[in-house]
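Engineer:
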Amino acid sequence: LVLTVELWVMWEEIGEVDEDYAPIHTYQVCRVMEQNQNNWLHTNWILTEGAQRVYIELKFTLRDCNSLPGGVGTCKETFNMYYYETDEDRAMKESRYIKVDTIAADESFTELDLGDRVMKLNTEVRDLGPLSRKGFYLAFQDLGACIALVSVRVFYKRCPFLVKSLAEFPDTIPGSEASQLVEVVGHCINNSMPLYEPPRMHCSADGEWLVPIGKCVCAGGFGTVCRCQVLLKGEVCIPINVARQTGATSCSCEDEYHKIDSDPPNMACTRPPSAPRNAISNVNETSVFLEWSIPMETGGRKDVRYNILCSRVLPDGRGLEECGPNVRFLPRRVGLSNTSVMVADLQSHTNYSFLLEAVNGVSEMAKDYTKQYVTLNVTTNQAAPSPVSVVRKGYTGKSSIGLSWAEPDRPNGIILEYEIKYFEKEQDSSYTIIKSKETEMVVEGLKASSVYIFQVRARTSAGYGAFSRRFEFQTSPYCEYTGTIQSTMAARCGFVCLRPKWCHVCSAAVKFPGVRTYIDPLTYEDPNQAVHEFAQEIDVSFISIERIIGAGEFGEVCCGPLRLPGKREIQVAIKTLKAGYTEQQRRDFLWEASIMGQFNHPNIIRLEGVVTKSKPVMIITEYMENGSLDTFLKKNDGQFTVIQLVGMLRGIASGMRYLSDMGYVHRDLAARNILVNSNLVCKVSDFGLSRVLEDDAEAAYTTRGGKIPIRWTAPEAIAYRKFTSASDVWSYGIVMWEVMSYGERPYWEMSNQDVIKAVEENYRLPGPMDCPEALYHLMMDCWQRERTNRPKFDEIVCLLDKLIRNPSSLKKLVNSSHRVSNLLVEHASAEGDCSARTKSVGEWLDSIKMGRYTELFVEGGYSSLEMVTQMTSEDLRRVGVNLAGHQKKIITSIQEMRVHMNNTNSPINI
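Under full-length UniProt numbering, the sequence shown has 174 at position 174, and the numbering climbs by one with no breaks.
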């Protein structure tokens, strides 16, 4: 169903072009410089055509609030979708619409993206049902976001016309429920009749025919043969006693159509397929990933296979040269059943041409058959050299070994130097790396009569290649070194050195009594070793990617099942490293896995493993069904008990206590970095900004100019860029406020500079609505200016446990009059004006995020706040506020207004 949209308020129709310079039309709104936004856009009347459940696909872009300049009036990173069902083309007021969902962006853009014209497009799909009217309207409400709605696609699913077992089943629209199956009785065709009972099929909500029951058979005097007409398949019943050319038991094929000996007699004639479609390539250094869609015409066969012809483009237009045997095709070059292939070990900075061909069982039989190809031309990138294949031993002494090696088969550039990594056998936790510009050298300072492992890798301007496989060589059996370790060497290392002559390379991974168990991956000379020490390598064949659930800094985030041998299948989240990455980006991507792999706690996101030996590189973690905590709370505003919320906070504090005990500072603790599973268990995630503490318990890590999340960061960390567990406690206090306010943005529309100034002047966030006083006191303790006065995470866990065991301690709420004076007061102007008189009921409703009901209040006769303060729950239902959570929120605010009026004996000032 194609939509046309009509403008209501403040949305503008903008014409742009996409990445292919094709014209597109968007509806945009970006009134973030003004307060109290309520902008609506609605569609035309959409006919349901009998569908009881429809699907809405939205594509949109949204700007990150943090990238907007200071002084904005309001800024949101979500918008709302509504619908109104009706039997006639008659648009209604906004207040009559029913909310579908709050839509949040998986990826937002910043001002830095604007110069590159990068369109970070988000796609969200929602469904409506059950529907009972002839049609409906869709509406989109903006409350202060910077958003562009690119497309709205509305569709429903149906089970298509089907002929099966001599029975016809008509087009059928599924039922309204996801688990509902609609039974359809088939109609016997072509001189056939039901066998025992009429044939039936069941139409699923996904538009698939399921659960066949019964069938039709030829009536008496008739037999079954295939249809011999070109391109018509299936069975027909014909008289048995007719002439053979009419009632043949097998089909003869017309020109261009064929059958092979293994085809069943009643199978229709077939022909070769057309060319593959939608072929794309993805280049990663000297590898190319090719992907395509099945042909438009498969020739009526299911045995379609694909062949790849690879050619290198010769310089100066001298033609093509077939790729040599060194080029690898994964899984194979010919006879592919799947629609993708990885081509590896190509030459760097080289042009290649790939021909993709589709064939089936009759391709070789077709006369004058012209093979149909699709061509892809690609250019490989700069790449690190391939591994050194052979390392040879030369001179061997009592404390030295001579080595030589050949240049890599594919240097991919000029070799700048080689790295030689070696360690004593069975002691691979501590190794030494030396460098050479030649393809030979003598390694000295070894133990006599000892076996050493050697590996060599090459470096070009593109970076290091992979290390060679391990080679074992032994020194001469004469011991020159007595093994005595000088005290000065031991003092230099801080522990017993495994190799006194190279004390500076003693491995950071060796654990000693009194040393913290967390190990910073940056202490490894080879970061890849840290990955494989702390993370399990998973074979990519054990993973199935089913759908994309988001996008990260390095690539897409997907989900799907993980099937490890001997273990039950589990759902996992899969972070992928996008193509075209550099070696440094690969290390940065895997760095988080090196950290995460060291943690084992029920409130820390669990690392299942990594995929580094195939493309794309992946990080596999447990799957958290409810996503990020901030989005989850916004979608379920007012739906949890206080005990449930405290339980979430307790889980987060427990995870942070574990990290703190390991000497680890998170630095970016916020609700957006907490994930929630189906059991409401909260787990700390996103270790991209984290750092390890020094040995001194009061030591701090000083950043080098990186971005700081101002609204969640302690003042000493903002001012001096020093982070401790105490600064994480400050951030935890902000997370508490986010949880108790159901995902409200800390400090609302204040700019970052205003936040910094306000905190320095001892301003603290007010207690959220319905927040227990005990929890707000804990928040205030977390926000102590002097970091030594803040509680430790073990103390926080202990306090929350006491509150959970004694629910009555959570009944006393934050003082209403104090909360009103903090929550509803506007920030002081430069002249010191601290309040502004409320103009209307609408302003009050906007202040508690209930502005959608303004028109209902006015229509119901409640045009002033004095009248509003007399309202009851029954009055709210009468004017149209039917959601229990919204009723509670409005009634609570009315009660607070009454308290404020009684305390001040004056009209309400907001």
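Beta carbons: idealized from backbone N, C-alpha and C, even for Gly.
Assign threonine 576 to one of three DSSP states: helix, strand, or coil.
Structural biologist: DSSP places threonine 576 in strand when its eight states are reduced to three.
Engineer: Since asparagine 399 and alanine 448 should fall inside the 8 Å C-beta cutoff, what is the C-beta to C-beta distance between them, to a whole number of angstroms?
Structural biologist: It should be pointed out that residue 399 corresponds to serine in this sequence rather than to asparagine. Right, their Cβ atoms sit about 6 Å apart.
Engineer: How about the stretch 199-211 and the stretch 165-183: do they share at least three Cβ pairs that are nearer than 8 Å?
Structural biologist: Yes, the stretch 199-211 touches the stretch 165-183.
Engineer: Using the Cα positions of glutamate 569 and phenylalanine 542, report the straight-line distance between them to the nearest angstrom.
Structural biologist: Taking the straight line joining both Cα atoms gives about 10 Å.
Engineer: Tell me whether serine 262 is buried or exposed, calling it buried when 16 or more other Cβ atoms sit within 10 Å of its Cβ.
Structural biologist: So serine 262 counts as exposed.
Engineer: Can you tell which of Lys802, Lys757 and Glu760 has the C-alpha that lies nearest to the C-alpha of glycine 778?
Structural biologist: Checking the displayed sequence, the identity of residue 778 turns out to be leucine instead of glycine. Measuring from the Cα of leucine 778, the nearest candidate turns out to be Lys802.
Engineer: Whose CA, out of Met736, Leu62, Ala105 and Gly135, lies closest to the CA of glutamate 88?
Structural biologist: With distances taken between Cα atoms, glutamate 88 lies closest to Gly135.
Engineer: Please determine whether the Cβ atom of isoleucine 674 lies at a distance below 7 Å from any heavy atom of the ligand GDP.
Structural biologist: Summarising the ligand content, the structure contains no ligands, and the ligand GDP is consequently not present.
Engineer: Note down the Cα distance separating glutamine 887 from serine 873, rounded to an integer number of angstroms.
Structural biologist: Rounded to the nearest angstrom, the two C-alpha atoms are 7 Å apart.
Engineer: Rounded C-beta distance between tryptophan 730 and cysteine 782? I'm assuming under 8 Å.
Structural biologist: Indeed they touch by this definition, with Cβ atoms about 6 Å apart.
Engineer: Short check: CB of isoleucine 415 to CB of proline 385, under 8 Å?
Structural biologist: It is a contact, given that the beta carbons lie within the stated cut-off.
Engineer: How big is the Cα-Cα spacing for threonine 74 and tryptophan 748?
Structural biologist: Between threonine 74 and tryptophan 748, the C-alpha separation is close to 8 Å.
Engineer: For aspartate 686, collect the residues of the same chain with a Cβ closer than 7 Å to its Cβ; drop the 5 residues on either side in sequence, then sort them by chain order.
Structural biologist: Here the set comprises Asp668 and Asn673.
Engineer: Between the Cα of lysine 393 and the Cα atoms of Ile604, Phe471 and Asn66, which residue gives the shortest distance?
Structural biologist: Among Ile604, Phe471 and Asn66, the Cα nearest to that of lysine 393 belongs to Phe471.
Engineer: Pick helix, strand or coil for serine 727, following the three-state DSSP scheme.
Structural biologist: Helix.
Engineer: Would you decide whether isoleucine 620 is buried or exposed? Buried here means 16 or more other CB atoms lie within 10 Å of its CB.
Structural biologist: Answer is buried; the Cβ neighbour count reaches 16.
Engineer: Looking at valine 150 and isoleucine 24, is the spacing between their C-beta atoms short of 8 Å?
Structural biologist: Yes, Cβ-Cβ distance for isoleucine 24 and valine 150 is below 8 Å.
Engineer: For aspartate 520, tell me which candidate among Ser192, Gln536, Cys558 and Ser594 has the shortest Cα-Cα distance.
Structural biologist: Minimum Cα distance to aspartate 520 is reached at Ser594.
Engineer: What residue range is occupied by the uninterrupted beta strand (DSSP E) comprising glycine 609?
Structural biologist: Its beta strand (DSSP E) spans residues 607-611.
Engineer: If you drop the 5 nearest sequence neighbours on each side, which residues of the same chain put their C-beta closer than 6 Å to that of alanine 573?
Structural biologist: Cys559, Thr621 and Tyr623.
Engineer: Extract the residue ranges of the beta strand (DSSP E) inside the stretch 260-338, only unbroken runs of 3 or more that lie entirely within it.
Structural biologist: You should have 277-284, 287-293, 305-313, 320-322 and 328-330.
Engineer: Between the stretch 74-84 and the stretch 161-170, are three or more C-beta pairs nearer than 8 Å?
Structural biologist: The stretch 74-84 vs the stretch 161-170: no contact.
Engineer: Quick one: Cα of cysteine 310 to Cα of serine 165, how far?
Structural biologist: Computed Cα separation, rounded: 45 Å.
Engineer: Rounded to whole angstroms, what's the CA-CA distance from phenylalanine 140 to tryptophan 40? Just pull it up for me.
Structural biologist: When rounded, the distance between both Cα atoms is 6 Å.
Engineer: Got a sec, what are the start and stop residues for the alpha helix (DSSP H) valine 617 sits in?
Structural biologist: Counting along the chain, valine 617 falls outside any alpha helix (DSSP H), and DSSP gives it neither H nor E.
Engineer: Relative to the C-alpha of phenylalanine 599, which candidate in Glu546, Gly655 and Gly580 has its C-alpha closest?
Structural biologist: Minimum Cα distance to phenylalanine 599 is reached at Gly655.
Engineer: Let me confirm a value: threonine 286 is counted as buried when at least 16 other C-beta atoms fall within 10 Å, else exposed. Which label applies?
Structural biologist: So threonine 286 counts as buried.
Engineer: With distances taken between CB atoms, is the gap from cysteine 218 to serine 192 smaller than 8 Å?
Structural biologist: Closer than 8 Å, so yes.
Engineer: Suppose you measure from the CA of tyrosine 664 to the CA of lysine 634; what does that come to, to the nearest Å?
Structural biologist: So the alpha carbons of these two residues sit roughly 30 Å apart.
Engineer: Run through DSSP, which three-state label would serine 835 get?
Structural biologist: Because the pLDDT of serine 835 is 35, which lies under 50, any placement of that residue in the model is unreliable, and the number read from its coordinates should be weighed accordingly. Here serine 835 sits in coil by DSSP.
Engineer: Helix, strand or coil: which one does DSSP assign to asparagine 66?
Structural biologist: The answer is helix: DSSP assigns asparagine 66 an H, G or I state.
Engineer: State the DSSP-derived secondary structure class of valine 540, mapped to helix, strand or coil.
Structural biologist: Three-state result, valine 540: helix.
Engineer: Return yes when the Cβ of serine 468 is within less than 8 Å of the Cβ of proline 387, no when it is not.
Structural biologist: Yes. Within cutoff.
Engineer: Would a C-beta distance cut-off of 8 Å place valine 676 and phenylalanine 640 closer than the cut-off?
Structural biologist: For valine 676 and phenylalanine 640, no; Cβs fall outside 8 Å.
Engineer: Does the CB of valine 32 have a neighbour CB from chain B at under 8 Å?
Structural biologist: This model lacks chain B altogether; it includes just one protein chain.
Engineer: On the CB-based measure, 16 or more other CB atoms within 10 Å of its CB, does alanine 51 come out buried or exposed?
Structural biologist: The residue is buried, with at least 16 neighbouring Cβ atoms inside 10 Å.
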